[in-house]
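So the structure is just underneath, and the comments pick up after that.
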Amino acid sequence: MISESQAEYLLSQCERWLGAKLHKLRWRLRSEHEQTKSHLWELIVLQATASAVISRHHSRDVANSEVSSLIQPEGDQESVPDIFLQPDECAPFWVEVAYITPRNPQQETDITRFPFWVGQELSKRKVADSKPLRIRLEPADTSKDVQVPPNNSWRQLLKTDKWKTFVAELESGNFKSTLCLEETENANVIVIIEGIEQGSFVSSSFPTPNVPRCAENHPIYKKIEEKAKQARNWAKSGKNKNYKPLVLFLGASEKLHQINDSGTPSSISLKQAVYSALADTEQWDLTTTLNAIGTAPWPGTKARRQRVKGSRLISAVVIVTIKNQYSGLSYGWRKQASKPLVIKNPHTDVELTAQQEQFINQINLNQVEYGDGHESWEALQPQDISVALYRYTTIREDKKIIDEEKKRRKAKKKLNFRKPDNKE
Numbered sequence: 000m001i002s003e004s005q006a007e008y009l010l011s012q013c014e015r016w017l018g019a020k021l022h023k024l025r026w027r028l029r030s031e032h033e034q035t036k037s038h039l040w041e042l043i044v045l046q047a048t049a050s051a052v053i054s055r056h057h058s059r060d061v062a063n064s065e066v067s068s069l070i071q072p073e074g075d076q077e078s079v080p081d082i083f084l085q086p087d088e089c090a091p092f093w094v095e096v097a098y099i100t101p102r103n104p105q106q107e108t109d110i111t112r113f114p115f116w117v118g119q120e121l122s123k124r125k126v127a128d129s130k131p132l133r134i135r136l137e138p139a140d141t142s143k144d145v146q147v148p149p150n151n152s153w154r155q156l157l158k159t160d161k162w163k164t165f166v167a168e169l170e171s172g173n174f175k176s177t178l179c180l181e182e183t184e185n186a187n188v189i190v191i192i193e194g195i196e197q198g199s200f201v202s203s204s205f206p207t208p209n210v211p212r213c214a215e216n217h218p219i220y221k222k223i224e225e226k227a228k229q230a231r232n233w234a235k236s237g238k239n240k241n242y243k244p245l246v247l248f249l250g251a252s253e254k255l256h257q258i259n260d261s262g263t264p265s266s267i268s269l270k271q272a273v274y275s276a277l278a279d280t281e282q283w284d285l286t287t288t289l290n291a292i293g294t295a296p297w298p299g300t301k302a303r304r305q306r307v308k309g310s311r312l313i314s315a316v317v318i319v320t321i322k323n324q325y326s327g328l329s330y331g332w333r334k335q336a337s338k339p340l341v342i343k344n345p346h347t348d349v350e351l352t353a354q355q356e357q358f359i360n361q362i363n364l365n366q367v368e369y370g371d372g373h374e375s376w377e378a379l380q381p382q383d384i385s386v387a388l389y390r391y392t393t394i395r396e397d398k399k400i401i402d403e404e405k406k407r408r409k410a411k412k413k414l415n416f417r418k419p420d421n422k423e
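Under numbering that gives the first Met the number 0, the first residue of the sequence shown is numbered 0, with each subsequent residue one higher.
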C-alpha cells in the first residue's frame, strides 16, 4: 500500500501533532503482519483527518495541546472507535477505520496477470508475428468462477502437452484453438484468442470472480455487519459514553473486483450493499426500496430483513478505493485514493450533518504515494526480529514498549481470571 519509510514519516508527523506516541498502532504494525494493510490504512486515515482538522487554524510543524484535544486516536484505550474528531467547522464525531481485502488476494492478482503472461509467451514463439493479442478467459466449469493456475506453476505449464498443442495450432493459423485448464492443473479456465489487438499491448477480459449474488455476500455488507457488532459492544461497555455520530471509513484496493460494479445483472452495487445493511426498508415504499437495494417484496408480502443488528449506531459509511488513475502527462498513470463516497444511514440514531459530510469530502487521502511495489515489506516474517520487530523505534525504546505491552496483557488476563470471584 505505502512504503515503510512513508509509514515511519506519517507516524512521526501524527505523534508530533498529538504530542504523544502512538504505541498501540506501532505495536500492531510491528507484530500483526497479516493485518498490515488494515493498520496502514488506519494510519493514513488518521494522518489525513488530523491534517484536515488542523490545516486551517493551527501550525502543522509543532505539537500543540489545543490540537491534541481536537484529534483523539484510539491510543491504548479498549472498546472505543479508532478516532475522535472535533473540527472547528462542524460538530464532533467518531471514526472507525477498516480495510477490505480480497478473500484470495493472490488469485485476484494472478487472474489479471495470467493473460498477459500467456501473450508474452506466445509472442516469443512468433505467434501472429508477435503482434499483441486479444485474450479472453472463460470458466471451464461454468458453475464456478474462473480460476487460473497458481503463478508458481506457470513455467511448468509450458512443458505440458496441452500448451504445446495449443501453440502448434496457433502457429498453423488456427486461432480458434483454445487452452483448457481444469482441476488437474489447479485451475478452471479456458484461454481463448479473440484476435489481434490494434494497439501496442495485449488486451484481456474475464468474468469478474466472486460476484456476490445477494447483498449478504458482498464484502462491504459483511464489513458493516462486523463493525455494527463492534459498535454494540462499545455501547454496552461505554458506561453511558456516547460514540455518536459514528462514521465507518472503509478502504479497498481496486484488486477487489466486487468493489468495482461489474455491470452484470447479478452484481450488487456498493450503494445497494450499504443500504441493505443499514436501511429499515419497512419505512420505505416499494419504489424507494427497489431503487436503494435493487429488490423489493411483492405487494402484500413482508420484506426479508437484511438490515444488520446494530445498524442504527452507524451514522454513515465512507468508501475509498485505491485505483490506477491518469494524472496527466507529467505523472502518467499512478495509484491514487478516490474521492470519498459518503453514504448516510437513512435510519440512524444520530444523523450526520451537512457540515460533517462537507468536512469528510475535504479530507485529502493522497498525501502519500500508493503502489504495489511498496508492499514488499509486508512479506517479512515475524521471526525476522531485527527488521520486523524494531521497525520504527530504537531498540531501547522498543524494548520498553514491548515490556509495557506484556505487562498490560498479563494484567488483563489476571483481571479476567478474578472476575468470577468478584461476582461472588
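We treat Cβ as the ideally placed atom computed from N, Cα and C, and that holds for glycine.
Cβ of residue i within 8 angstroms of Cβ of residue j?
{"i": "Pro91", "j": "Trp233", "result": "no"}
{"i": "Ile223", "j": "Val307", "result": "yes"}
{"i": "Thr48", "j": "Val94", "result": "yes"}
{"i": "Leu132", "j": "Ile189", "result": "no"}
{"i": "Ile318", "j": "Leu364", "result": "no"}
{"i": "Ile342", "j": "Val316", "result": "yes"}
{"i": "Ser314", "j": "Glu281", "result": "no"}
{"i": "Asn344", "j": "Leu269", "result": "no"}
{"i": "Leu10", "j": "Leu21", "result": "yes"}
{"i": "Val126", "j": "Val166", "result": "yes"}
{"i": "Gln436", "j": "Glu368", "result": "For the chain, the structure presents residues 0 to 423; residue 436 sits outside this window and is missing."}
{"i": "Ala272", "j": "His217", "result": "yes"}
{"i": "Leu39", "j": "Ile1", "result": "yes"}
{"i": "Arg102", "j": "Asn209", "result": "yes"}
{"i": "Ser67", "j": "Ser236", "result": "no"}
{"i": "Pro206", "j": "Ile267", "result": "no"}
{"i": "Lys123", "j": "Ile195", "result": "no"}
{"i": "Ala227", "j": "Leu157", "result": "no"}
{"i": "Glu7", "j": "Leu24", "result": "no"}
Determine the closest residue to residue i out of the options, with distance taken between C-alpha atoms.
{"i": "Cys13", "options": "Trp162, Ala167, Ala51, Ile192", "result": "Ala51"}
{"i": "Ser176", "options": "Thr164, Asn187, Glu182, Ala186", "result": "Thr164"}
{"i": "Glu225", "options": "Gln357, Ala6, Ala97", "result": "Ala97"}
{"i": "Gln146", "options": "Ser129, His38, Pro138", "result": "Pro138"}
{"i": "Asn241", "options": "Gln46, Arg15, Asp348, Ile267", "result": "Asp348"}
{"i": "Glu107", "options": "Cys213, Pro148, Asn290", "result": "Pro148"}
{"i": "Leu180", "options": "Glu41, Thr286, Leu136, Ala251", "result": "Leu136"}
{"i": "Trp162", "options": "Gln105, Leu178, Val44", "result": "Leu178"}
{"i": "Pro72", "options": "Leu45, Ser54, Cys89", "result": "Leu45"}
{"i": "Trp153", "options": "Ala19, Phe115, Ile134, Arg29", "result": "Phe115"}
{"i": "Asn150", "options": "Ser337, Ala186, Asp128", "result": "Ala186"}
{"i": "Gln366", "options": "Ala336, Leu247, Asn323", "result": "Ala336"}
Exposed or buried, what is residue i when buried is set at 16 or more other beta-carbons lying within 10 Å of its beta-carbon?
{"i": "Gln305", "result": "buried"}
{"i": "Ser203", "result": "buried"}
{"i": "Thr141", "result": "exposed"}
{"i": "Leu69", "result": "buried"}
{"i": "Ser310", "result": "buried"}
{"i": "Thr320", "result": "buried"}
{"i": "Ile184", "result": "Correcting the residue identity first, residue 184 is Glu in this sequence and not Ile. With 16 or more Cβ atoms within 10 Å of its Cβ, Glu184 is classed as buried."}
{"i": "Gln155", "result": "exposed"}
{"i": "Thr288", "result": "buried"}
{"i": "Ile362", "result": "buried"}
{"i": "Leu121", "result": "buried"}
{"i": "Ala353", "result": "exposed"}
{"i": "Asp109", "result": "buried"}
{"i": "Leu285", "result": "exposed"}
{"i": "Lys406", "result": "exposed"}
Let me know the secondary structure DSSP gives residue i once reduced to three states.
{"i": "Thr320", "result": "strand"}
{"i": "Ile342", "result": "strand"}
{"i": "Ala139", "result": "coil"}
{"i": "Arg25", "result": "helix"}
{"i": "Gln197", "result": "coil"}
{"i": "Leu9", "result": "helix"}
{"i": "Asn290", "result": "helix"}
{"i": "Thr111", "result": "helix"}
{"i": "Tyr274", "result": "helix"}
{"i": "Ser314", "result": "coil"}
{"i": "Trp283", "result": "coil"}
{"i": "Lys235", "result": "helix"}
{"i": "Ser152", "result": "helix"}
{"i": "Thr352", "result": "coil"}
{"i": "Asn187", "result": "strand"}
{"i": "Ala336", "result": "strand"}
{"i": "Ile192", "result": "strand"}
{"i": "Pro104", "result": "helix"}
{"i": "Gln71", "result": "strand"}
{"i": "Val246", "result": "strand"}
{"i": "Leu178", "result": "strand"}
{"i": "Leu432", "result": "The first residue shown for the chain is 0 and the last is 423, placing residue 432 beyond what the model contains."}
{"i": "Phe424", "result": "Nothing can be reported for residue 424, as the shown portion of the chain is limited to 0 through 423."}
**Prompt:** Between the region 71-91 and the region 164-178, are three or more C-beta pairs nearer than 8 angstroms?
**Reply:** No, the region 71-91 does not touch the region 164-178.
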